[in-house]
Each structure stands twice: as C-alpha cells, then as structure tokens.
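Here's the structure, in structure tokens; my notes come after.
2 protein chains.
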Amino acid sequence: MKPEAIKVACSNCNLRELCMPLGLSTEELNRIDDVVATRRKVKRGTPLFRNGEKFTSLYAIRTGFFKTCIATEDGRDQVTGFQMAGEIIGLDGIVNDQHTCDAVALEDAEVCVMPFDRIEELSREVNALQHHVHKIMSREIVREHGVMLLLGSMRAEERLAAFLLNLVQRLHARGFSQSELVLRMTREEIGSYLGLKLETVSRTFSKFVEDGIVEVRQRHVRILDTDALKRIVNAQSCH
Amino acid sequence: MKPEAIKVACSNCNLRELCMPLGLSTEELNRIDDVVATRRKVKRGTPLFRNGEKFTSLYAIRTGFFKTCIATEDGRDQVTGFQMAGEIIGLDGIVNDQHTCDAVALEDAEVCVMPFDRIEELSREVNALQHHVHKIMSREIVREHGVMLLLGSMRAEERLAAFLLNLVQRLHARGFSQSELVLRMTREEIGSYLGLKLETVSRTFSKFVEDGIVEVRQRHVRILDTDALKRIVNAQSCH
DNA sequence: CGGAAGTTTGATACCGATCAACCGATGTGG
DNA sequence: CCACATCGGTTGATCGGTATCAAACTTCCG
Chain A
66 MKPEAIKVAC SNCNLRELCM PLGLSTEELN RIDDVVATRR KVKRGTPLFR
116 NGEKFTSLYA IRTGFFKTCI ATEDGRDQVT GFQMAGEIIG LDGIVNDQHT
166 CDAVALEDAE VCVMPFDRIE ELSREVNALQ HHVHKIMSRE IVREHGVMLL
216 LGSMRAEERL AAFLLNLVQR LHARGFSQSE LVLRMTREEI GSYLGLKLET
266 VSRTFSKFVE DGIVEVRQRH VRILDTDALK RIVNAQSCH
Chain B
66 MKPEAIKVAC SNCNLRELCM PLGLSTEELN RIDDVVATRR KVKRGTPLFR
116 NGEKFTSLYA IRTGFFKTCI ATEDGRDQVT GFQMAGEIIG LDGIVNDQHT
166 CDAVALEDAE VCVMPFDRIE ELSREVNALQ HHVHKIMSRE IVREHGVMLL
216 LGSMRAEERL AAFLLNLVQR LHARGFSQSE LVLRMTREEI GSYLGLKLET
266 VSRTFSKFVE DGIVEVRQRH VRILDTDALK RIVNAQSCH
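Chains as they are written, first to last, in the numbering used here: chain A, 66 to 304; chain B, 66 to 304.
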C-alpha cells in the first residue's frame with residue numbers, strides 16, 4: 066500500500082494513446098509527464114480508495130483490473146463499473162472532495178497517481194489536456210447512460226450479451242483477442258453490475274453454452290458466435 | 066426554436082448560486098457573464114437538442130423542466146434524467162462532439178446557451194470556473210451511480226420512494242415546498258426512468274395512497290409522511 | 001490436504017410485465 | 001359551447017422471468 070517513489074514518464078508509456086491526448090508537441094508531452102506524481106501497486110482484493118476517503122488524485126490504470134462499487138448502510142451493494150488498463154478512475158471524488166465509491170483491484174495492479182490539483186494546473190496551460198479531461202468525464206457519463214439503458218430495459222440474456230460484447234471490445238482495443246477472454250470478476254460481481262443474482266448469471270451462461278454461442282470453462286470464455294450475441298442485445302422485447 | 070439575441074448577465078441572475086461558482090471577485094463575475102452567449106426558449110414537447118446533433122454548447126436551465134433520454138434503433142427508450150432550473154445539460158456531447166441523447170422540454174422552458182469553447186477558454190483563466198465545470202461533471206457521474214444502484218438493486222416501491230424524495234429535495238433547494246410537488250412528467254416517463262412499466266408506477270402510487278404516505282391528484286403529489294418514504298428506501302430487501 | 005469460496009443446477013415463490021377494460025381530463029372543431 | 005376524440009391514468013386478471021432457497025460439485029489457496 067505504500068506509495069512508491071518511482072519517477073515515471075507518460076511520454077514513453079505504451080498506454081499513452083489510451084490515457085493521454087494525441088497530437089501533442091514535444092514540449093507539451095514533456096510537461097504532461099509531470100501530472101503523474103508516482104506509481105502505486107495495489108494487491109488483488111485491496112482497495113485503491115474507499116468511499117469517504119479524501120479525494121486527491123485521479124488514477125490511470127497501468128496494469129490489472131478494477132471494480133468500482135457503492136455500498137449503502139443497509140447492506141446493498143452495486144458494482145458501478147469494471148476498469149482496465151488505460152482507463153481512469155476516481156472522477157467521482159471531485160464534486161465533494163471525497164470519494165463516493167470503493168475501487169478494488171480484482172487482480173494485482175499498478176496505477177499512475179495523478180494529483181488532481183496538478184491536472185487542473187497543467188490543463189490551464191495545455192489546451193489539449195484540458196479538453197482531454199473533459200472528454201474523459203463526458204465519456205464516463207455516456208457510458209453510464211448505456212448502463213442505465215441496460216438496467217432499465219433489458220432482460221437477463223440481453224444484459225449478459227451486452228456485457229460480454231463490451232468487455233471483448235475493450236480488450237480488443239488493447240490488443241487482446243476478439244473472441245477469447247478471462248473474466249477477472251466473480252459471477253456475483255457480474256450480477257451486481259448487471260442487476261442480476263449470481264444464479265441468474267450462471268444460468269444465462271449455461272444457456273449461451275447450450276445454444277453454441279460461447280464456450281465457458283470457469284472464468285475463461287470463448288465467444289463462438291459474436292453475431293448471435295449482437296442479435297440478442299438488439300432484439301427488442303418481442304411480442 | 067430561433068435563438069434570441071437577448072444579452073444577459075449571470076452576475077445578476079437569481080440562479081447564480083446554482084449554476085455558477087461561489088466566491089468570485091467582481092472582475093471574475095463580469096468575465097463569467099461572457100459564457101452565456103444567448104438565451105433560448107423551448108416549447109413544451111420540443112427538443113433542445115437531439116441524439117446525433119453536433120455539440121456546441123452546454124445549457125443552463127433558467128425556467129422549465131426537461132427530460133433527457135436515449136432511444137435505440139430497436140425501439141427501446143430510456144429516460145436518463147429529469148432536469149430543473151439551475152441544472153446543466155449537454156455534458157454527454159463533449160466526448161464525441163455530438164449529442165448522444167435527446168433533451169426534451171416537459172414544459173415551456175428557457176435556457177442559457179453557453180458555447181463550450183468559450184467555457185474552456187474562460188476556465189483556463191478563472192480557476193474557480195474551471196473547478197466548477199469539473200464539479201458539475203463529477204456530480205453527474207455520482208448521480209448516475211445512484212441511479213445504477215436504484216435500477217440494479219431496488220424494488221418498485223423503493224424506486225418510487227427514492228424518486229419522490231429526490232424530486233422534493235431538489236425542489237426544496239429552489240424554494241419550493243418540502244411536501245408538495247407537481248410532476249411534470251407522465252407515469253410512462255417516470256417508469257422509463259425507474260425501469261418500471263407505467264402500470265407499476267400507477268399501482269405503486271396507489272399503494273402509497275392506501276398506506277397514507279402520500280396524497281395524489283393526477284400530477285399533484287402531497288407527501289404526508291416523509292419518514293415512511295425514507296424507511297422504504299432504506300429497507301433492504303428483507304428475508 | 002482441508003476448508004473456504006465460487007459455481008452449477010433444481011424446485012418453488014413472487015414481483016412486476018402484459019393484456020385488457022374502463023375512467024377522467026384535456027383539447028379541438030363544428 | 002358542446003360532442004367527441006385522444007391522451008393519460010387506474011385497476012383487474014393472468015403470465016412469465018428472475019429471485020430465492022437448497023444441495024451438490026469444483027476450484028482455489030493457505
């Protein structure tokens with residue numbers, strides 16, 4: 066949990082095109098190196114931050130896989146997202162200067178710590194960075210609109226199909242297979258994200274296997290028929 | 066629909082403390098007047114912007130009431146939020162330079178048009194404005210987390226109770242009653258937002274009336290027992 | 001190796017969707 | 001101003017999808 070004082074540079078990071086704006090001048094690139102203060106390793110099962118903690122920084126995921134979730138006093142729990150390399154977490158903390166959700170590593174992970182006051186400072190001077198920050202926040206808002214659509218109007222099969230397609234698409238953008246993936250989260254966590262119980266998630270996986278749409282061996286999933294998944298997502302509740 | 070060339074000033078707007086940062090110097094206040102280019106009237110039932118339209122501006126609601134919703138090709142439709150005076154809409158458009166949802170006036174409305182490039186320009190110079198923009202976006206993200214919790218884990222009564230409490234709370238912050246409100250949206254729109262069918266919304270209202278928690282006359286709602294509503298929201302799915 | 005955690009599958013219950021009928025409010029044109 | 005059409009809302013009956021409860025199995029990990 067101890068912050069590690071490794072000095073790092075975005076300018077030669079292979080995730081740069083995911084985290085950072087494109088088309089920067091060399092001078093701007095060098096300045097942007099300053100937004101990352103340190104890196105921090107987070108062990109599997111361990112929180113990067115927790116609900117109620119003071120907000121200081123955004124985090125760019127270098128390696129590993131996170132979930133963010135909110136818990137209420139009465140024991141309810143909702144996974145609000147799964148995040149992978151190149152994605153930014155911590156945006157929830159800006160509004161009240163404290164985090165309103167937990168971010169937990171689902172596998173050993175490493176993040177770049179980006180103090181938010183430094184981001185604000187630098188984005189006053191580098192227009193591309195300013196706009197980039199705005200885009201990242203807007204993207205998160207739009208993503209959540211999609212989740213609301215899913216939770217508000219889709220049935221179990223549609224939700225799981227949409228979930229799988231979204232995951233492979235993001236993994237593919239990072240150079241992984243379009244058809245094979247390893248789930249880093251449990252059935253229960255998938256269920257929490259999708260508004261389903263873990264048994265329903267399990268049953269729906271089984272149904273997809275029966276229908277020859279996917280192969281599932283524990284957390285290893287191979288998608289055999291992407292189009293079938295797309296058809297499931299787009300099929301309106303027929304009648 | 067024609068933009069009207071009324072020159073307006075945030076500095077003497079009675080909604081300023083809702084839209085704009087607090088604690089500005091007189092000089093900063095005067096500069097901020099420049100973010101509002103024009104005002105625009107929107108008739109009831111008419112869109113302020115639509116999915117796919119080019120994004121140019123954020124809008125601050127001066128009067129009236131809006132819904133934002135996304136529609137899919139296959140006929141699904143999801144209300145993603147209801148917005149009232151002092152709230153900002155259009156944030157979804159930043160990421161891809163085009164809007165990804167429709168914003169429709171539920172009653173005759175007027176908005177302040179704030180060209181986004183001007184916002185970015187000015188927030189490079191006025192730190193308080195910069196941070197304010199970040200807070201507005203973060204607040205929207207946190208709000209959507211709450212909706213995800215609602216859609217993912219609450220039952221019909223809990224959803225409607227949470228919805229009513231949220232509405233009166235926001236209305237109260239604008240000087241309206243804590244216990245009386247007029248719904249500007251139909252049962253169907255409430256249902257879409259809450260992930261329920263209109264019949265279920267209607268039945269749940271009826272149940273609340275039976276239990277003496279609210280009085281309902283069409284769209285006029287009087288809350289008789291706020292604590293009961295709060296208890297309903299916080300009651301975990303018991304077993 | 002043993003226990004805990006995670007997953008699958010079955011049986012049953014229940015909440016909300018669906019289908020349908022009716023009612024009331026609103027608004028429009030003759 | 002009234003007749004009538006339309007839209008929104010309520011209520012009832014029934015159906016279906018997902019939750020719940022339960023048991024067995026597998027995998028993981030100390």
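C-beta: ideal position from N, C-alpha, C; glycine also.
Item                                                                                                                                                                                                        : Value
So, is A/LYS132 buried or exposed, given that buried needs 16 or more other C-beta atoms within 10 angstroms?                                                                                               : buried
Going along the region 186-212 of chain B in order, which residues come within less than 7 Å of chain A, judged by CB to CB distance?                                                                       : ARG189, GLN195, HIS196, HIS199, LYS200, MET202, SER203, ARG204, GLU205, ILE206, VAL207, GLU209, HIS210, VAL212
Which complete beta strand (DSSP E) runs does the region 125-210 of chain A hold, if anything under 3 residues is left out?                                                                                 : 131-136, 142-148, 167-170, 174-180
If you draw a straight line from the alpha carbon of B/VAL107 to that of B/MET179, how long is it in whole angstroms?                                                                                       : 15 Å
Distance check for A/ALA125 and B/ARG189, CA to CA, integer angstroms please.                                                                                                                               : 23 Å
So B/GLY155 and B/LEU187 are supposed to be a Cβ contact under 8 Å. How far apart are they, rounded?                                                                                                        : Between B/LEU187 and B/GLY155 the Cβ distance is about 17 Å, and since that is not below 8 Å, they are no contact.
Do B/ALA221 and B/LEU263 have their beta-carbon atoms positioned less than 9 Å apart in this structure?                                                                                                     : no
Applying the 10 Å Cβ sphere with the 16-neighbour rule, what's the burial state of A/ASP157?                                                                                                                : buried
Please identify, using Cβ separations under 7 Å, the residues of the region 157-173 of chain A that lie next to chain B, in order along the chain.                                                          : ASP157, ILE159, VAL160, THR165, CYS166
Could you check whether the region 71-91 of chain B touches the region 192-208 of chain B, counting it as contact only if at least three pairs of C-beta atoms, one from each stretch, sit closer than 8 Å? : yes
For A/ALA235, which residues of its own chain have a beta-carbon under 7 Å away from its beta-carbon, when the five flanking residues on both sides are left out?                                           : The residue you asked about is not Ala; residue 235 of chain A is Arg in the sequence shown. Only MET149 meet the Cβ criterion.
Count the CB pairs spanning the region 206-213 of chain B and the region 283-298 of chain B that are closer than 8 Å, and state whether there are at least three.                                           : no
By how many angstroms is the C-alpha of B/LEU215 removed from the C-alpha of B/ALA293?                                                                                                                      : 18 Å
Check the Cβ of B/SER218 against every Cβ in chain A and list those closer than 9 Å, keeping chain order.                                                                                                   : THR137, ARG141, ASP142, GLN143, SER257, GLY260
Please check the pair B/LEU289 and B/ILE297, which I expect to be a contact at CB under 8 Å, by giving their CB distance rounded to whole angstroms.                                                        : At roughly 13 Å, the Cβ-Cβ gap does not stay under 8 Å, so B/LEU289 and B/ILE297 are not in contact.
Put A/ARG235 into one of helix, strand or coil per three-state DSSP.                                                                                                                                        : helix
Exposed or buried, B/CYS303, counting other C-beta atoms within 10 Å across all chains shown (16 or more means buried)?                                                                                     : Only weak support is given to the placement of B/CYS303: the predicted model assigns it a pLDDT of 47, under 50, and the value that follows is read from those uncertain coordinates. B/CYS303 should be labelled exposed.
Under a three-way DSSP split, which group does B/GLN109 fall into?                                                                                                                                          : Per the sequence shown, residue 109 of chain B should be read as Arg rather than Gln. Coil.
Let me make sure I understand the geometry here. Which of B/ALA170, B/GLN163, B/VAL191 has the alpha-carbon closest to that of B/LYS119?                                                                    : B/GLN163
Tell me, which residues are paired with A/SER122 by DSSP?                                                                                                                                                   : A/PRO180
Going by the C-beta, is B/ASP182 closer than 8 Å to any heavy atom of the ligand NAD?                                                                                                                       : With respect to the ligand NAD, the structure shown offers nothing to examine, as it has no ligands at all.
CA-CA distance, A/VAL100 and A/GLU223?                                                                                                                                                                      : 40 Å
According to DSSP, simplified to helix, strand and coil, what is B/LEU248?                                                                                                                                  : coil
Closer than 7 Å by beta-carbon distance: list the chain A residues that pair up with B/ALA150, in chain order.                                                                                              : Near B/ALA150 there are no residues of chain A at all, since even the closest Cβ is about 20 Å away, more than 7 Å.
Hey, B/LEU248 and B/LEU259: beta-carbon distance below 9 Å or not?                                                                                                                                          : no
Please check the pair B/ARG104 and B/VAL176, which I expect to be a contact at CB under 8 Å, by giving their CB distance rounded to whole angstroms.                                                        : 7 Å
Would a check of beta-carbon distances place A/ALA300 closer than 9 Å to chain B?                                                                                                                           : yes
Tell me the rounded alpha-carbon separation between A/THR265 and A/ARG252.                                                                                                                                  : 9 Å
Assuming A/THR165 and A/ASN95 form a contact by the criterion Cβ under 8 Å, report the distance between their Cβ atoms to the nearest whole angstrom.                                                       : No, A/THR165 and A/ASN95 are not in contact; Cβ-Cβ is about 34 Å, not under 8 Å.
On a Cα-Cα basis, can you pick out the residue from B/SER257, B/ARG183, B/LEU225, B/ALA238 that is closest to B/ALA102?                                                                                     : B/ARG183
Would you kindly report the start and end of the unbroken beta strand (DSSP E) that includes A/VAL281?                                                                                                      : 279-282
Candidates A/MET213, A/GLY256, A/ARG141, A/ALA174: which alpha carbon is nearest A/GLY151's?                                                                                                                : A/ALA174
Over the uninterrupted beta strand (DSSP E) stretch that includes B/VAL286, give me the two end residues.                                                                                                   : 285-288
Can you name the residues of chain A whose CB is closer than 8 Å to the CB of B/LEU236?                                                                                                                     : Within 8 Å Cβ-Cβ: nothing; B/LEU236 doesn't reach chain A, min ~21 Å.
So is B/ARG127 buried or exposed if we call it buried at 16+ other beta carbons inside 10 Å?                                                                                                                : buried
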